[in-house]
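Note that the sequence shown ends on residue 566 in our numbering; no numbers are left out. Here the structure comes first, spelled out in structure tokens, and everything after it is commentary.
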Amino acid sequence: MVNGKKIVVVMPAYNAGKTIAKALAAIPKGMVDDVLVIDDGCQDDSAKIARDAGAVVIAHEKNKGYGAAQKTGYREALARGADVAVMVHSDFQYDPTLVPEMVKSITLGQADACFGSRMHRKKDARAGGMPWWRFVANIALTLIEECFLHLHLSEYHTGYRAYGRSVLLRIPFDALSNNYVFDTEMLADLAVGKFRVTEIPIPTRYSEDSQSPNFRKSVQYGFSTLAVMGRYALHQLGIKRYPKFFIQDLPPPVGGVQPRSVENSIW
Ligand SMILES: Nc1nc2c(ncn2[C@@H]2O[C@H](COP(=O)(O)OP(=O)(O)O)[C@@H](O)[C@H]2O)c(=O)[nH]1
Ligand SMILES: [Mg+2]
């Protein structure tokens, strides 16, 4: 709990055996209620490592993609009564010790979503090992997305994201992509729903063991992101409506907080 709110970590994992133990161990103790690892058809020992560390492991029988892994995680987080779901990557590229900062504004009712930005001071991103072509693409796409979405974020491509319960209840995230562009579609939906979005600066960390989409998948992601902006504009102008952008009304609240479900959890 943080400020009386239930915090659930959602960790997508695809063959992250080299890093997942470090990522799980770095999640601060005494604040997080559940840690959900989504085993996205891993062919390595990621799931066993996660289970041994005390996390709840939810397995996809085959690899479905980064977006699909998040959907499974957010669905389960809602079912467990999460007030805030915070995504922490299993490749240890984002610092899990920052979870309390990531969720703070949401638990205080000051924001609906919080993003960790590596681009607060751009030169820090390069110093942290971001390859130059990712750096350039990140800045260019962020500028374009800012023109469309006006969320006032210094980075639209971070994988460190915390969503409040109302965001996950109102955005039709199950209808979004199963791929990397899921993250862009979430941003578009946050803009459609006029949610309060904030960011905190975070360090950039690229190491030998970090996972990243390869060049081809990254280019695909770039074009898919531009396509999302096009659809967003058409939707907002009323020219064409997309169910992906239909923001739901908030259902009536259910009373009480779900109990912790993991007996041997170390968190
Ligand atoms: N590459 C990949 N990663 C996945 C998949 N499903 C879950 N993940 C996890 O999602 C996280 C983010 O993916 P990654 O390739 O590192 O993207 P990045 O955020 O651009 O560095 C990693 O921790 C992966 O282990 C998948 O199908 N493909
Ligand atoms: Mg990565």
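The beta-carbon is built from N, C-alpha and C at its ideal position, and this holds for glycine as well.
DSSP state of residue i mapped onto helix, strand, coil
i, result
"lysine 304", "strand"
"cysteine 413", "strand"
"tyrosine 462", "strand"
"methionine 386", "strand"
"glutamate 444", "helix"
"alanine 352", "coil"
"proline 311", "strand"
"alanine 490", "helix"
"valine 336", "strand"
"alanine 346", "helix"
"proline 500", "strand"
"isoleucine 470", "coil"
"alanine 358", "strand"
"leucine 549", "coil"
"phenylalanine 481", "helix"
"threonine 457", "coil"
"glutamine 519", "helix"
"isoleucine 538", "coil"
"arginine 514", "Note that residue 514 is phenylalanine in the sequence shown, not arginine. Note: phenylalanine 514 maps to helix in three-state DSSP."
"phenylalanine 391", "coil"
Distance cut-off 8 Å: residue i Cβ against heavy atoms of ligand 1
i, result
"alanine 315", "yes"
"glutamine 510", "yes"
"tyrosine 365", "yes"
"alanine 461", "no"
"isoleucine 326", "no"
"proline 430", "no"
"isoleucine 348", "no"
"proline 311", "yes"
"isoleucine 337", "yes"
"glycine 492", "no"
"tyrosine 373", "no"
"tyrosine 479", "yes"
"alanine 487", "no"
"asparagine 437", "no"
"alanine 474", "no"
"alanine 412", "no"
"alanine 368", "yes"
Residue i versus residue j - alpha carbon distance
i, j, result
"threonine 371", "valine 356", "11 Å"
"isoleucine 470", "glycine 316", "32 Å"
"leucine 489", "arginine 379", "23 Å"
"glycine 366", "asparagine 477", "4 Å"
"phenylalanine 447", "tyrosine 459", "22 Å"
"valine 309", "leucine 536", "34 Å"
"arginine 350", "glutamine 342", "15 Å"
"isoleucine 337", "valine 307", "13 Å"
"leucine 452", "glutamine 510", "24 Å"
"lysine 304", "methionine 429", "34 Å"
"glutamate 445", "serine 345", "36 Å"
Contact test: residue i Cβ vs ligand 2 heavy atom, cutoff 8 Å
i, result
"aspartate 390", "yes"
"glycine 521", "no"
"glycine 572", "This structure cannot speak to residue 572, because the chain is shown only from 300 to 566."
"glycine 380", "no"
"glycine 427", "no"
"glycine 408", "no"
"glycine 303", "no"
"glycine 415", "no"
"glycine 458", "yes"
Status (buried if at least 16 other CB within 10 Å, exposed otherwise) for residue i
i, result
"glutamine 547", "exposed"
"histidine 449", "exposed"
"isoleucine 538", "exposed"
"glutamate 498", "buried"
"leucine 407", "exposed"
"serine 506", "exposed"
"histidine 456", "buried"
"lysine 516", "exposed"
"isoleucine 405", "buried"
"valine 385", "buried"
"glutamine 392", "buried"
"leucine 486", "buried"
"glutamine 409", "exposed"
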